[in-house]
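Notes follow once the structure below has been shown.
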Amino acid sequence: MAAALALSACNQSQQAANPADGAANTAVAAHQDAREDIMHDWGAASKEMNAMLKDPSSFNADNFRAAAKKLDQDAWIHFPAGSEGGDAKPEIWQNPTAWQQEIDKYTQAVAALNTAAQSATSAADVQAQFNDVGASCKSCHQQFREK
Numbered sequence: 001m002a003a004a005l006a007l008s009a010c011n012q013s014q015q016a017a018n019p020a021d022g023a024a025n026t027a028v029a030a031h032q033d034a035r036e037d038i039m040h041d042w043g044a045a046s047k048e049m050n051a052m053l054k055d056p057s058s059f060n061a062d063n064f065r066a067a068a069k070k071l072d073q074d075a076w077i078h079f080p081a082g083s084e085g086g087d088a089k090p091e092i093w094q095n096p097t098a099w100q101q102e103i104d105k106y107t108q109a110v111a112a113l114n115t116a117a118q119s120a121t122s123a124a125d126v127q128a129q130f131n132d133v134g135a136s137c138k139s140c141h142q143q144f145r146e147k
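Those letters in the sequence shown? Residues 1 to 147, per this note's numbering, in order.
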């Protein structure tokens, strides 16, 4: 117990000596949390759309459009230099060109899905675009997400 208190006191005095370090760590954690929250939202929206595509009789165009719109959230602003960690591999910052290519593929696929969803009346109207979004997610995760 005494050792734990001593370590805690050292940590507190270290943070007091370098308050900027504590603020930087808080900012990094905030970016990591925000990007993970957005991607969890994307996952939930994708599950909702996938359920409608697996059972075309359950397809609801309004619900599908709303779910597709959720994929438009900008998670990319939460990957600034220095925010390494979480489920993100260091390759994001080590290879920004490949990372940007994956972002571009995703945003283009989501834009195409949202465009198709605007006039969709059946699951068949959005299946190909949904598959393209899924392929984009898979490609990015293979390269840039820790398992």
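We put the beta carbon where it would ideally sit given N, CA and C, even for glycine.
For Ser-58, there is no enclosing alpha helix (DSSP H), since its DSSP letter is neither H nor E. In the DSSP assignment, Gly-85 is bridged to Ala-88. Using a Cβ distance threshold of 8 Å, Ala-111 and Leu-53 do not count as a contacting pair. For the pair Arg-65 and Gln-129, the CB atoms are not nearer than the 8 Å cut-off. Bounds of the alpha helix (DSSP H) holding Asp-132 are 127 to 144.
In this structure, DSSP gives Lys-147 a state outside helix and strand, which the three-state scheme calls coil. For Asp-72, no alpha helix (DSSP H) segment is defined, and its DSSP state is neither H nor E. Judged by their CB atoms, Met-49 and Ala-34 are not nearer to each other than the 8 Å cut-off. Residue range 96 to 119 is occupied by the alpha helix (DSSP H) that includes Thr-97. For Ser-122, the secondary structure class from DSSP, reduced to helix, strand or coil, is coil. In this structure, Val-133 sits away from Gly-82, with a CB-CB distance that is not shorter than 8 Å. Taking the Cα positions, Asp-87 is about 5 Å away from Glu-146.
Remark: C-beta atoms of His-141 and His-78 do not approach each other more closely than 8 Å. The three-state secondary structure of Phe-79, taken from DSSP, is coil. Distance from the CA atom of Gln-100 to the CA atom of Leu-71, rounded to whole angstroms, is 17 Å.
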